[in-house]
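Colleague:
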Amino acid sequence: MEMKPWDTPINQGELSVLAVNYGRDDWGLSCEQGSYVHQMPHQSSSHTLTITVFHLLTESIYELRFEHVGAYRVLDEHGLLDMWSHKTDVTGNCFKVRNHAWAEESPVSFMTNTIDGWSYMISTDWDCVEVLTEADPDIVFIEKLTNEG
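Each residue of the sequence shown is one higher than the one before, starting from 4 at the first, in my numbering.
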């Protein structure tokens, strides 16, 4: 197993995953009974995986927007105990990983949907999201929240 740093504005400090959404705002479905279409005023041109997080250090909401995702998984941190025992070369909430159990279980997914087998990992004290894609996500600041005590 190999890990390497992935520098993000949310890498240090406590992080919480609030939502993980995949898909488009518009969609169509055909079946024996007919066709159904749902269109939103703003249409995206591709499937996007959006991970919404709260970053305690900055008291802010961020979205990580991944385009062209081959696969992703959401696990509680206990499901990755083997990975944590190898996390010595990197620190922080975000890093890249390859040659781990999921890569061994799904070699074709890693071969066709990543660059050199590297996946993106967002880790928190409770949840972890791993993403297979060939491009860095857009990391978008959404808003700063106010602590209401």
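We put the beta carbon where it would ideally sit given N, CA and C, even for glycine.
1. Could you give the distance in angstroms between the alpha-carbon of Ser47 and the alpha-carbon of Arg76?
2. Residues in the same chain with beta-carbon distance under 8 Å from Ser63, minus the five sequence neighbours each way, listed in chain order, please.
3. Please work out which residues of its chain come closer than 7 Å, Cβ to Cβ, to Ile118, disregarding the five sequence neighbours upstream and downstream, and give them in chain order.
4. Between which two residues does the beta strand (DSSP E) holding Ala172 run?
5. Can you tell me whether Val72 is buried or exposed? The criterion is at least 16 other CB atoms within 10 Å of its CB, across all chains shown.
6. On the criterion of 16 or more Cβ atoms from any shown chain inside 10 Å, does Pro140 qualify as buried, or is it exposed?
7. Of the choices Trp9, Asp10, Leu67, Ile142, whose alpha-carbon is the least far from that of Thr53?
8. Can you name the residues that DSSP bridges to Pro8?
9. Between the Cα of Ser19 and the Cα atoms of Met6, Glu107, Ile142, Leu59, which residue gives the shortest distance?
10. Between which two residues does the beta strand (DSSP E) carrying Val132 extend?
11. Restricting to Cα atoms, I'd like to know which of Pro12, Ala22, Glu70, Ser109 is closest to Gly120.
12. Around the Cβ of Thr155, are there at least 16 other Cβ atoms within 10 angstroms (buried) or fewer (exposed)?
13. Rounded to the nearest angstrom, what separates Ala104 and Glu5 at their Cα positions?
14. With H, G and I counted as helix, E and B as strand and the rest as coil, what does DSSP make of Ser47?
15. Taking the straight line between their C-alpha atoms, what separation do you get for Tyr65 and Asp130?
16. Label Met124 either buried or exposed according to how many other C-beta atoms from any shown protein chain fall within 10 Å of its C-beta, with 16 as the threshold for buried.
Modeller: In brief:
1. Its pLDDT being 49, under 50, Ser47 is placed unreliably in this model, and the value from its coordinates should be taken loosely. Their Cα atoms are separated by approximately 22 Å.
2. Excluding its 5 nearest sequence neighbours in each direction, Ser63 has C-beta neighbours in its own chain below 8 Å: Phe57, Phe144, Ile145, Glu146, Lys147, Leu148, listed in chain order.
3. The answer, listed in chain order, is Glu137.
4. The first residue shown for the chain is 4 and the last is 152, placing residue 172 beyond what the model contains.
5. Looking at its Cβ environment, which holds 16 or more other Cβ atoms inside 10 Å, Val72 is buried.
6. Here Pro140 is buried: its Cβ has 16 or more other Cβ atoms, across all protein chains shown, within 10 Å.
7. With distances taken between Cα atoms, Thr53 lies closest to Leu67.
8. Note: Pro8 sits in a beta bridge opposite Phe98.
9. The closest CA to that of Ser19, considering only Met6, Glu107, Ile142, Leu59, is found on Leu59.
10. From DSSP, the beta strand (DSSP E) with Val132 extends over 130-135.
11. Here the closest residue by C-alpha is Ser109.
12. Shown here, the chain extends from 4 to 152; a query on residue 155 therefore has no answer.
13. About 11 Å.
14. In this prediction, Ser47 has a pLDDT of 49, which is less than 50 and means its spatial position is unreliable; nothing more can be read from the coordinates.
15. Each residue's alpha carbon lies about 16 Å from the other.
16. By the neighbour-count criterion, in which 16 or more other beta carbons inside 10 Å mark a residue as buried, Met124 falls on the buried side.
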